[in-house]
Each structure stands twice: as C-alpha cells, then as structure tokens.
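Just so we're aligned, residue 9 is where the sequence shown starts under our numbering, counting upward by one. Written out below as structure tokens is the structure these notes cover.
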Amino acid sequence: GGFYPKVNLVNLARALATLGPAVRLRVVGGLSRHHRRQIEKGGFSGGLEVVPPVPYAEAIREMRSAHALLHALWTGPSTASFQSAKTFEYLRSGRPVLGLLPEGEAQRLFARWGHPVLPPEASEAGIRSVLAPWVSDPPATRPPDEALRSFERRAQALTLGRLLDGIAGGGA
C-alpha cells in the first residue's frame, strides 16, 4: 500500500544500505517521488523494487510471502489513536514486522504480539540493530493465534453487524 506522505524513509534506507547487496525493499502499491528521493538519499536505491497497486487478495499474498514486513507511520497529534487496516493485516500475516510507529495503539498492538517497534524517528543504527539479525537468521513465520483472527475483515464485519443490530434493536 505504499507509504503515508509524512513518513520519512531516509534512516531506513541508510540502515538497509549497510546490510549487504542481498537485501531488497519491495514496495507493493507504488512509491511517491518524495519517498523515492528519500530512499536514494539514504543510499539504498539499488535494492529497491516498486510494484504498482495490486488487488487486495494479491496484496495479502504478497504480505504472506515476504521475508519481513515494514509498517511505518509518522509522529503527529493524529497518530496516537490512528489505526489503519494495514496494522491488522500485518499482524494477521504471521510474518515478522518491524514497526516504525509513534506511541499509541498501533505501537501497543505490535509490541503485544512481539514485533519490534521503534519510533518513526529511529536512527539508522537503531533500525539496523533490528534488521541485521533478520538478514543472517530470519525469524520464523508465526501462525496467528486466535486473538489475531478477530482482526480479520470478516470477523470485524460480523462484530460491527452485531453492534449495529444491537443499536437498531435497542432503539426500537
């Protein structure tokens, strides 16, 4: 799904550039010129692959076949309670995920399920300290536990439907 406009990728790119030529960053969903320049500034453009937007089912397949995922938000007044569908899709994928996340709900969810979380402004060294071990010894895929199944779109739709039924039935 690309990156939000306020996300800064320079330190990520710098960290990736130090991890060796085999490291790749595959961005599915397109990449803005702004973010491409940030990656180039960080010295990582050779390991970058950008794929245009794909249908939802294909995006989920891409997530589940990745060696690792990156979920990046920005620090700002709106991000403490911000939740994107991607947060739950990444948690549900079973893949290792690095969260570059501000303090808030997304950060707590990632930490709760054991994914490393750094602030969006994390240094190159901080990011490298998480990713370097993944290059030499990739984390295992984890099957989603039952609590994560509740984050699937279908389960969320059923929960919302029950809530709306309760409101509609309670107001009559």
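Built from N, CA and C at the ideal position, the CB exists for glycine as well. Please read all numbers here as calculations on a predicted model, not as lab measurements.
Item	Value
Whole-angstrom distance between R120 and V59, CA atom to CA atom	31 Å
Integer Cβ distance of V36 from A80, believed to fall under 8 Å	Going by Cβ atoms, the distance from V36 to A80 rounds to 14 Å, so no, they are not a contact pair.
Inter-residue spacing [alpha-carbon to alpha-carbon] between H107 and A176	A small correction: the amino acid at residue 107 is Gly; His does not occupy that position in the sequence shown. Computed Cα separation, rounded: 38 Å.
is_contact[A148, chain B] using C-beta, thresh 9 Å	Here there is only one protein chain, and chain B is not present.
Local Cβ density within 10 Å of E129, reported as buried at 16 or more and exposed below that	exposed
Delimiting residues of the beta strand (DSSP E) encompassing A80	77–80
Three-state secondary structure assigned by DSSP to E160	coil
Distance CB(R181)-CB(L77) smaller than 9 Å	Any question about residue 181 goes unanswered here, given that the chain covers just 9 to 180.
Under the three-state DSSP convention, the category R170 falls into	helix
For R32, three-class secondary structure by DSSP	coil
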